[in-house]
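Heads up: the structure comes next, in structure tokens.
Residue numbers (full-length UniProt numbering), protein chains in the order written: chain V, 1 to 350; chain P, 1 to 350.
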């Protein structure tokens, strides 16, 4: 088992990663609480209720995916915790994919004005969202616009949960793995592309996942509340969220298209050939990402969604993360007119 | 104008109290922001839209009273802020009674994972709830069970807003004024009872209000997250919230009945005559509090609500604030069976 610890001045937590670690590690946390409540993703419950989670009685089940992140589903989740008699001294254990983690963590954050919680991510995607204390639900105006910063007491990432993931889920999660490689180094990207040239298999990704967790931990420890470098973790996400919202495709698929757009705009902004766009287009298509969506984008609608991004500070620009010639991410404000032009130019280039 | 400042290690804020201070003080805060959004209580809007708040364009209106604190009203409030293009760098100004402050502050806390906000309490009751950074909405399981700790950037308490308050609103607000006097000293209680022997007039209360703010500031600065002495501010509230929920009476009315119950139980627990129960019963009745409700309490239903109180740590007891022979508040756990007996004994004594 690998362990990574945050480096805040206090209230640090550990991310545990390994195979078959769930029950023993959970026991370590729950033993300190009189009262433990479980929020479990319905898919995880269906797969594991007779095996690894069979000891969990009366969990609060969440619908899988973004359906867990509507206002109605969220309020129902909070009411279910209250119904079960949750106390400030209780521990909430959230077991599931990224959406369950986001909604479950937010529920723990606001119920009784905040109770302790543990994240148990069960998907490839959730290895990212479970770390860093960001929790959220969706608004009719965009994704993740309602939420809180609420640190978990611990994160248990048991890689055995990945074995039952359907292929689209793996593909979606790989978007964040790829993003972490971009934030890590050019070499990390090359290694990852080599490893996955013939397709993505979860078992081939373990080293990259662990590297990615290390990258994420670095940024969330350095800048918890996203006033500076943490924004870099949004690489690919500004347009990605807009695409996800408009086309209702999985988060990681949308992020991957957003990363392609980031490469296109970075090449233009830096006037360099930093990214081999054709090679990336081919690679993403071969893996199964719906690159054809990029050809259908409505720039004005995309802009409308992007303008709700939490990083924006002005009405006339969109905050965006790009990469420079030294393969370093940077934050910039792109004028709305210029952004429309970039989206149009990208469409024409495809 | 009087000013009180919190004494946290950082991110302190000031409570400004005075007559006619609203616009000048507000200007001091809003000048630091490009973008200001207003949440205004519909009653305040109706009274002051042509005068003191006439410069406020397109405010988000909230329904007055607890109707602002349902899950549906709350989500609508958050969506309205997003609809108006709120950014992380925006300031939200919340103008209204206690419920508007609770819901508006919570909305500021979760929209985009938290934006700055200013509390502008306009009622007697809200002089209490606007200070201390507690925000909340109600659950079907009880009051204030869903919320966050989110410090305002400032609190502007303009006593001129009190001039239009209807009598029941003054009576409700006086519950917290009385509670603060209890927490302050036996002498403060005597002075307050003398001042109000012939009825409650807002203009007679200013010194007591300012004393009360000082008391509240002391506790919220000492123990922001209610792990210790801040609990004392819940004096009268444990049973008070249960009564409020069951009988749908104003908050302060319920708190006053809760304070009477606190006196009854304190006298019994300390085996003393600390509180002259008959005199208090007469005083509260004369002021117009519905003391007859205490004779109709269903102890088991009250207990059910009290068990949802956020201070509880066990299923077999109810956390309760009492006062000892030195007129000091203390926290204790009362067994559920004993609590039922106390409520029955109090009913018989009336």
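All C-beta atoms in this analysis are idealised placements derived from N, C-alpha and C, irrespective of residue type, glycine included.
Using only the alpha-carbon positions, how far apart do residue i and residue j sit?
i             : j             : result
residue 315/P : residue 337/P : 12 Å
residue 149/V : residue 224/V : 8 Å
residue 245/V : residue 306/V : 10 Å
residue 264/P : residue 275/P : 8 Å
residue 144/V : residue 261/V : 21 Å
residue 302/V : residue 269/V : 20 Å
residue 44/V  : residue 122/V : 8 Å
residue 95/V  : residue 39/V  : 6 Å
residue 228/P : residue 140/V : 40 Å
residue 333/V : residue 313/V : 9 Å
residue 174/P : residue 215/P : 15 Å
residue 252/V : residue 22/V  : 25 Å
residue 120/P : residue 18/V  : 51 Å
residue 49/P  : residue 100/P : 17 Å
residue 66/V  : residue 290/V : 19 Å
residue 194/V : residue 297/V : 30 Å
residue 7/P   : residue 213/P : 14 Å
residue 46/P  : residue 172/P : 21 Å
residue 285/P : residue 113/V : 35 Å
residue 52/V  : residue 27/V  : 13 Å
residue 288/P : residue 206/P : 21 Å
residue 249/V : residue 293/V : 10 Å
Since residue i and residue j are thought to touch, with beta carbons under 8 Å apart, how far apart are those beta carbons, to the nearest angstrom?
i             : j             : result
residue 190/P : residue 320/P : Going by Cβ atoms, the distance from residue 190/P to residue 320/P rounds to 25 Å, so no, they are not a contact pair.
residue 118/V : residue 154/V : 5 Å
residue 80/P  : residue 102/P : 17 Å between Cβ atoms; not a contact.
residue 255/V : residue 240/V : 4 Å
residue 124/V : residue 186/V : The pair is not a contact, with the Cβ atoms about 23 Å apart (cut-off 8 Å).
residue 105/P : residue 220/P : Rounded, the Cβ-Cβ distance is 14 Å, inconsistent with contact.
residue 162/P : residue 178/P : Contact flag wrong, Cβ pair sits at about 16 Å.
residue 14/V  : residue 5/V   : 5 Å
residue 209/V : residue 127/V : 6 Å
Please state whether DSSP places residue i in a helix, a strand or coil.
i             : result
residue 14/V  : strand
residue 161/P : helix
residue 184/V : helix
residue 250/P : coil
residue 226/P : coil
residue 1/P   : coil
residue 213/P : helix
residue 87/P  : coil
residue 155/V : strand
residue 208/P : helix
residue 31/V  : coil
residue 146/P : strand
residue 51/V  : coil
residue 111/P : strand
residue 293/V : helix
residue 308/P : coil
residue 237/P : helix
Measuring alpha carbon to alpha carbon, tell me which of the options ends up nearest residue i.
i             : options                       : result
residue 138/P : 231/P, 80/P and 73/P          : 73/P
residue 165/P : 242/P, 145/P and 200/P        : 200/P
residue 24/P  : 158/P, 327/P and 289/P        : 158/P
residue 111/P : 76/P, 331/P and 122/P         : 76/P
residue 10/V  : 161/V, 236/V, 329/V and 151/V : 151/V
residue 64/V  : 160/V, 42/V, 135/V and 180/V  : 42/V
residue 135/V : 176/V, 172/V, 69/V and 312/V  : 69/V
residue 109/V : 124/P, 146/P and 78/P         : 146/P
residue 203/V : 300/V, 160/V and 290/V        : 160/V
residue 32/V  : 92/V, 2/V and 53/V            : 92/V
residue 58/P  : 67/P, 47/P and 36/P           : 36/P
residue 259/P : 232/P, 3/P, 272/P and 196/P   : 232/P
residue 267/P : 235/P, 14/P, 325/P and 56/P   : 325/P
residue 323/P : 282/P, 26/P, 184/P and 317/P  : 184/P
residue 235/P : 116/P, 344/P, 329/P and 83/P  : 329/P
residue 226/P : 310/P, 278/P and 292/P        : 310/P
residue 282/P : 156/P, 87/P and 350/P         : 350/P
Which residue or residues does DSSP assign as beta-bridge partners of residue i?
i             : result
residue 95/V  : 40/V and 120/V
residue 299/V : DSSP output for residue 299/V lists no bridge partner at all.
residue 319/V : 333/V
residue 136/V : 147/V
residue 78/V  : Answer is none; residue 78/V lacks a bridge partner.
residue 62/V  : 41/V
Run down chain A in chain order and give the residues with a C-beta less than 8 Å from the C-beta of residue i.
i             : result
residue 293/V : Any reference to chain A falls outside this structure, whose protein chains are V and P.
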